[in-house]
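2 protein chains.
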Amino acid sequence: MSDKKIPYKIYLEEDEMPKQWYNVRADMKKKPEPLLNPATLKPMTLEELSKVFCEDLVKQELDDTTPYIDIPDEIREFYRMYRPSPLVRAYCLEKKLGTPAKIYYKFEGNNTSGSHKLNSAIAQAYYAKKQGLKGVTTETGAGQWGTALSMACSYFDLDCNVYMVKCSYEQKPFRREVMRTYGAKVTPSPSETTEIGRKILAEHPGTTGSLGCAISEAVETAVSREGYRYVLGSVLSQVLLHQTVIGLETKTALDKYDIKPDIIIGCAGGGSNLGGLISPFVGEMLRGEKNYQIIAVEPASCPSLTRGTYAYDFCDTGKVCPLQKMYTLGCDFIPSANHAGGLRYHGMSGVLSELYDQGLMEARSVVQTDVFAAAEEFARVEGILPAPESSHAIKVALDEAKKCIETGEEKTIVFGLTGTGYFDMFAYEKFHDGEMSDYIPTDEELAKYRDTLPKVNK
Amino acid sequence: MSDKKIPYKIYLEEDEMPKQWYNVRADMKKKPEPLLNPATLKPMTLEELSKVFCEDLVKQELDDTTPYIDIPDEIREFYRMYRPSPLVRAYCLEKKLGTPAKIYYKFEGNNTSGSHKLNSAIAQAYYAKKQGLKGVTTETGAGQWGTALSMACSYFDLDCNVYMVKCSYEQKPFRREVMRTYGAKVTPSPSETTEIGRKILAEHPGTTGSLGCAISEAVETAVSREGYRYVLGSVLSQVLLHQTVIGLETKTALDKYDIKPDIIIGCAGGGSNLGGLISPFVGEMLRGEKNYQIIAVEPASCPSLTRGTYAYDFCDTGKVCPLQKMYTLGCDFIPSANHAGGLRYHGMSGVLSELYDQGLMEARSVVQTDVFAAAEEFARVEGILPAPESSHAIKVALDEAKKCIETGEEKTIVFGLTGTGYFDMFAYEKFHDGEMSDYIPTDEELAKYRDTLPKVNK
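Residue numbers (the working numbering), protein chains in the order written: chain H, 1 to 458; chain V, 1 to 458.
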């Protein structure tokens with residue numbers, strides 16, 4: 001540790017911002033397994049994937065050997081509008097806890113999308129524009145990804161079609177209006193605009209939709225329209241790649257002040273933010289240079305890492321996307337109504353799954369009432385109102401800092417604070433009113449879904 | 001202009017942050033008129049004011065001679081959690097407009113309260129704590145002030161009682177929940193908890209309340225309880241003083257890059273943010289050192305500067321606060337349902353009123369559909385989703401930048417972006433759906449309220 005006084009917020013200069021993303025797969029001896037075509041069970045080719053996704057993004061998806069990939073100037077220009085994001089020293093939290101631990105968090109919520117999602121949205125929009133496309137389609141559940149993509153498309157003057165799960169469309173009108181402010185066309189799903197939507201509406205009149213259905217509609221729209229492609233906000237390796245700006249900035253900021261973290265913590269839904277945060281640190285571990293304790297935190301209601309199976313599965317509940325080898329609860333698993341919408345995903349990024357399987361990362365699951373209690377404890381001293389997703393990381397960071405009080409260890413803890421909770425106040429209200437419950441699936445329930453994993457695994 | 005490349009966001013170092021607030025009244029030859037006791041029509045004394053307000057704050061209120069007032073360490077420590085705020089060069093906006101103008105904005109929305117209100121809330125909470133008080137009371141309309149005060153009180157472990165206008169309490173449940181997250185007690189006003197509340201409820205059963213009524217309840221609670229004082233989020237000179245951190249940081253950032261602004265623009269409701277932004281620049285004008293064009297922007301629906309009278313009036317519609325000489329529409333004036341809740345105030349800060357009267361500042365009024373159109377234009381290229389209040393300044397900044405396209409002038413425009421619009425999406429929705437209307441009061445209407453100004457003016 002240097003003698004330099006560490007400020008409350010470490011901001012990098014613009015010229016210290018990353019000029020390349022870091023592709024951690026290049027440093028992995030055992031790579032994540034390839035995506036499979038569910039029909040042929042053979043690895044997906046560039047040609048096959050390019051029908052659905054933008055070509056440059058497919059190249060990034062398939063590239064597991066190039067360690068550094070240049071960030072195009074147009075994307076770096078956009079990054080400069082809201083990045084570098086601050087690495088905050090939680091002095092007030094440390095004081096309140098009375099812990100000898102040193103706590104830092106990388107705060108990705110200081111942009112209108114309210115989360116880290118913008119880091120990949122702008123990249124995906126850029127490559128769509130570069131390819132000469134008219135627009136992109138996507139789905140959104142809680143709405144963070146849809147918001148980020150709307151902002152990115154507005155910037156590059158691309159048409160943006162968002163299929164929003166109908167119950168969210170109705171319950172989160174504010175999210176919908178933010179997307180409309182950025183010019184996106186937001187359609188409640190299921191809708192009459194697609195074949196699959198009409199079919200579902202005919203079979204289940206009055207349904208409020210699901211993420212799986214919204215994905216199916218977005219993919220159908222993309223492949224059936226000239227000049228459109230489908231984009232996805234997490235899970236894929238390309239998304240994790242773009243999110244490495246988080247980890248690279250974090251590392252530069254820490255290095256600038258000679259700080260070496262002992263523990264790095266992040267919440268994990270699809271895994272892109274955590275993967276982005278830890279990639280440069282895991283790279284050091286893979287190259288045998290340094291060692292860190294890395295902790296993924298997931299909701300006890302959707303415990304893909306802690307209680308799932310490492311197997312090939314569909315990335316989507318609609319079963320239209322390729323098969324990916326990952327820790328999964330089974331793509332038919334429907335998580336209970338946990339308010340951390342962004343963590344309600346049955347599987348986990350293939351890269352993170354492989355790192356977890358190799359023992360480079362551990363995982364913990366936490367119940368949501370504990371998460372909201374931690375969120376409130378954090379908010380009251382650090383000021384920031386955290387998103388429920390991000391608060392999973394806060395919960396474990398507090399746990400670790402409290403352990404240090406007992407042991408007297410001066411551990412340095414870094415966690416990712418992925419976003420703000422402005423659009424999650426219904427959940428906070430339930431928590432304040434004591435109406436929030438914790439649901440943990442039974443072993444029997446999980447076994448039921450595990451039995452439906454695709455046959456390729458057998 | 002120096003050759004130094006100007007970054008997208010100018011962040012000051014922590015040691016460049018202001019250590020003192022700047023009291024612009026000290027440099028004014030003709031000072032704002034003193035507050036008057038409405039019963040005696042004599043200037044309010046320290047003793048009289050200290051029954052309602054914290055003593056140190058009253059001293060600041062009455063001090064019009066000390067140019068610089070130290071910011072206590074405890075407050076500076078809190079400031080470091082969310083300040084310095086960035087001064088942003090709007091490169092993307094300039095490019096989109098094709099203007100030769102150089103546009104900068106000081107962004108105060110990067111904190112959970114979502115606005116500049118926190119700058120004064122933390123100061124007021126600190127002095128309350130220092131005085132050994134148990135807690136403070138206040139009212140809130142749109143909710144920004146209440147949120148900021150909740151955060152500040154939570155930090156200093158003070159009891160915080162917020163009277164929230166009942167219709168807002170019901171229509172803005174998210175705002176209410178943010179305050180509860182920070183431990184505030186939020187009471188819909190009128191309530192059964194005060195004498196005045198019970199009286200109003202008896203006379204007007206089913207009323208949804210008003211800001212005037214909420215102020216009355218907050219003041220009654222403060223003066224009738226041991227260890228409590230009342231705090232206010234705008235209008236008063238002490239609030240304007242605290243908000244000078246905005247202008248001081250802005251000036252330091254501009255000076256660092258040898259930038260001299262030609263035009264400085266801010267929205268004006270009670271006037272504290274604009275006053276805070278312009279104080280150091282006005283100081284230079286008062287001392288004859290430099291000259292700037294300063295523009296206050298107000299809603300056409302509530303045009304206190306552009307169509308009001310410079311006269312003594314009550315600061316509050318409840319007529320329980322002292323009389324202040326200010327530009328006012330009459331304290332009984334009820335603005336139409338303009339969604340920029342923070343600008344729906346019948347009067348204007350006494351300091352700003354005096355500066356306006358001396359010709360140091362001009363004022364413009366704008367209609368809200370134009371304001372929302374400007375907000376959307378801004379959001380789509382600069383990313384940030386602005387609050388309706390702040391967007392009044394954006395509208396005039398865009399007007400001025402567009403003028404430069406015609407004239408070819410390379411003017412430097414600086415405006416204050418006071419907050420974010422996350423909690424204003426109902427208003428954005430109305431705008432998107434074409435359901436927003438503009439209301440401009442008639443001369444007859446304004447004359448009616450002008451005739452009710454207190455007799456002291458005659």
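Glycine residues also receive a C-beta, built at the ideal position from the N, C-alpha and C atoms. None of these values were measured; they are calculated from a predicted model.
Roughly how many whole angstroms lie between the Cα atoms of Leu149(H) and Tyr127(H)? Along the first sequence, read from residue 1 onward, the residue named residue 149(H) stands at position 149. Along the first sequence, read from residue 1 onward, the residue named residue 127(H) stands at position 127. So the alpha carbons of these two residues sit roughly 13 Å apart.
Whose Cβ in chain V lies nearer than 8 Å to the Cβ of Thr112(H)? For this step, residue 112(H) is matched to residue 112 along the first sequence. Going along chain V in sequence order, the residues near Thr112(H) (Cβ under 8 Å) are Ala379, Gly383, Ile384, Leu385 and Thr420.
Please report the distance separating the alpha-carbon of Tyr155(H) from that of Lys319(H). Along the first sequence, read from residue 1 onward, the residue named residue 155(H) stands at position 155. Along the first sequence, read from residue 1 onward, the residue named residue 319(H) stands at position 319. If you take the alpha carbons of Tyr155(H) and Lys319(H), they lie about 32 Å apart.
With 16 other CB atoms within 10 Å as the buried threshold, where does His204(V) fall? Position 204 of the second sequence, counting from 1, holds the residue named residue 204(V). Under this definition His204(V) is an exposed residue.
Using a cut-off of 7 Å between C-beta atoms, extract the partners of His432(V) located in chain H. Here residue 432(V) corresponds to residue number 432 of the second sequence, with the count starting at 1. Neighbours of His432(V) on chain H, chain order: Glu177 and Arg180.
Boundaries of the beta strand (DSSP E) in which Ile265(H) is found, first to last residue: Locating residue 265(H) in the first sequence gives position 265, counting from the first residue. Ile263 to Cys267 is the extent of the beta strand (DSSP E) around Ile265(H).
Quick one: which chain V residues come within Cβ less than 9 Å of Pro173(H)? Numbered from 1 along the first sequence, position 173 holds the residue referred to as residue 173(H). Met425, Phe426 and Glu429, listed in chain order.
Name the chain H residues whose beta carbon is nearer than 9 Å to that of Cys92(V)? The sequence position of residue 92(V) within the second sequence is 92, counting from 1. Under the 9 Å cutoff, chain H gives Glu77, Phe78, Met81 and Tyr155.
Using the rule of at least 16 other Cβ atoms within 10 Å of the residue's Cβ for burial, across every protein chain shown, is Met1(H) buried or exposed? Residue numbering aside, residue 1(H) sits at position 1 when the first sequence is read from its first letter. Low confidence applies to Met1(H): its pLDDT is 43, below 50, so where it sits in the model is not reliable, and the reading given next is rough at best. Result: exposed.
Would you check if the distance between the CB atom of Ile69(V) and the CB atom of Asn119(V) is smaller than 7 Å? The residue given as residue 69(V) occupies position 69 in the second sequence. The residue given as residue 119(V) occupies position 119 in the second sequence. No, these two residues do not count as a Cβ contact at 7 Å.
For a cutoff of 7 Å on Cβ pairs, would you count Glu445(V) as touching chain H? Translated into the one-based positions of the second sequence, residue 445(V) becomes position 445. Not an interface residue.
Let me check understanding here. Comparing Cα to Cα, which of Glu400(H), Ile405(H), Ala373(H) and Glu410(H) lies closest to Met436(H)? Sequence index remark: in the first sequence, residue 436(H) carries index 436 (1-based). Nearest C-alpha to Met436(H): Ala373(H).
Cβ-Cβ separation, Thr221(V) to Thr244(V) (assumed contact under 8 Å), whole Å: Here residue 244(V) corresponds to residue number 244 of the second sequence, with the count starting at 1. Here residue 221(V) corresponds to residue number 221 of the second sequence, with the count starting at 1. That belief does not hold up - the Cβ atoms of Thr244(V) and Thr221(V) are roughly 30 Å apart, past 8 Å.
For Lys31(V), which residues in the same chain have their Cβ closer than 6 Å to its Cβ, ignoring the five residues on either side in sequence? As a working note, residue 31(V) is residue 31 in the second sequence. Closer than 6 Å at Cβ, skipping near neighbours: Arg25 and Asp64.
Selection from Lys166(H), Met179(H), Tyr439(H) and Leu385(H) that minimises the alpha carbon distance to Glu376(V): For the purposes of this step, residue 376(V) is identified with residue 376 of the second sequence, where counting begins at 1. The shortest Cα separation from Glu376(V) among Lys166(H), Met179(H), Tyr439(H) and Leu385(H) belongs to Met179(H).
Along the chain, where does the alpha helix (DSSP H) that runs through Met44(H) open and close? In the first sequence, residue 44(H) corresponds to position 44, counting from 1. Met44(H) -> no alpha helix (DSSP H), and no H or E assigned at all.
Coil, strand or helix - Met1(V) by DSSP: Position 1 of the second sequence, counted from the start, is the residue given in the question as residue 1(V). Here the model assigns Met1(V) a pLDDT of 43, short of 50, so the residue's position is not dependable and the matter cannot be decided.
Under 8 Å, with one C-beta from each stretch per pair, do the segment 5–13 of chain H and the segment 72–88 of chain H reach the 3-pair mark? yes
For Pro18(V), count neighbouring C-beta atoms within 10 Å of its own C-beta (all shown protein chains included) and say buried if the count is 16 or more, exposed if not. Here the question's residue 18(V) lines up with position 18 in the second sequence. Flag for Pro18(V) reads buried.
Specify, as a first and last residue, the run of the beta strand (DSSP E) that Glu310(V) falls within. Translated into the one-based positions of the second sequence, residue 310(V) becomes position 310. In the sequence as presented, Glu is not what sits at residue 310(V); that position holds Tyr. Tyr310(V) -> beta strand (DSSP E) spans Thr309 to Phe314.
Comparing the CB of Met285(H) with every heavy atom of the ligand GDP, is any distance shorter than 6 Å? Summarising the ligand content, the structure contains no ligands, and the ligand GDP is consequently not present.
When you compare the segment 299–315 of chain H with the segment 351–366 of chain H, are there three or more beta-carbon pairs, one atom per stretch, that lie closer than 8 Å? yes
Between the C-alpha atoms of Leu35(V) and Met44(V), what's the straight-line distance to the nearest angstrom? Along the second sequence, one-based indexing puts residue 35(V) at 35. Along the second sequence, one-based indexing puts residue 44(V) at 44. Approximately 6 Å between the Cα atoms of the pair.
Out of Gln131(V), Glu47(V), Gln124(V) and Gly132(V), which one is the CA nearest neighbour of Thr138(V)? Indexing the second sequence from 1 puts residue 138(V) at position 138. With distances taken between Cα atoms, Thr138(V) lies closest to Gln124(V).
Counting pairs of Cβ atoms below 8 Å between the segment 230–245 of chain H and the segment 344–356 of chain H, do you hit three or more? yes
So, at 7 Å on beta carbons, what are the nonlocal neighbours of Asp357(V) in its own chain, with the 5 sequence-adjacent residues on each side left out? In the second sequence, residue 357(V) corresponds to position 357, counting from 1. Result list for Asp357(V): Tyr310, in chain order.
Compare the C-beta of Pro7(V) with all C-beta atoms of chain H and state if any pair is closer than 7 Å. As a first step, residue 7(V) must be located in the second sequence, where it is residue number 7. Cβ-Cβ to chain H under 7 Å: yes for Pro7(V).
N- and C-terminal bounds of the alpha helix (DSSP H) containing Phe78(H): Within the first sequence, residue 78(H) is the residue found at index 78, counting from 1. From DSSP, the alpha helix (DSSP H) with Phe78(H) extends over Asp73 to Tyr82.
The alpha helix (DSSP H) that contains Ala296(V), what's its start and end? The sequence position of residue 296(V) within the second sequence is 296, counting from 1. Taken as a continuous stretch (DSSP letters only), Ala296(V) belongs to no alpha helix (DSSP H), being part of the beta strand (DSSP E) at Gln293 to Pro299.
Give me the residue from Ala268(V), Pro322(V) and Ser216(V) with the minimum Cα distance to Thr306(V). The residue labelled residue 306(V) in the question sits at position 306 within the second sequence. Ranking Ala268(V), Pro322(V) and Ser216(V) by Cα distance to Thr306(V) puts Ala268(V) first.
Phe53(V) to Val231(V) span [Cα, whole Å]: By one-based count along the second sequence, residue 53(V) stands at place 53. By one-based count along the second sequence, residue 231(V) stands at place 231. Cα to Cα, Phe53(V) sits roughly 7 Å from Val231(V).
Measure from the C-beta of Met1(H) to each C-beta in chain V and report whether the shortest distance is under 7 Å. Looking up residue 1(H) in the first sequence gives position 1. The pLDDT assigned to Met1(H) is 43, lower than 50, so where the model puts this residue is not dependable; a value taken from the coordinates is nonetheless given after this. False, the Cβ-Cβ gap to chain V never drops below 7 Å.
By the 7 Å beta-carbon criterion, what residues does the segment 14–25 of chain V contribute toward chain H? Glu14
Members of the segment 181–200 of chain H that neighbour chain V once the beta carbon cut-off is set at 7 Å: Thr181, Tyr182 and Gly183
Select from Asp262(V), Lys106(V) and Glu55(V) the residue whose C-alpha is nearest the C-alpha of Ser391(V). Along the second sequence, one-based indexing puts residue 391(V) at 391. The shortest C-alpha separation from Ser391(V) is found at Lys106(V).
With distances taken from CA atoms, which of Phe281(H), Tyr228(H) and His242(H) is nearest Thr252(H)? The residue you call residue 252(H) lines up with position 252 of the first sequence. Closest by alpha carbon: Phe281(H).
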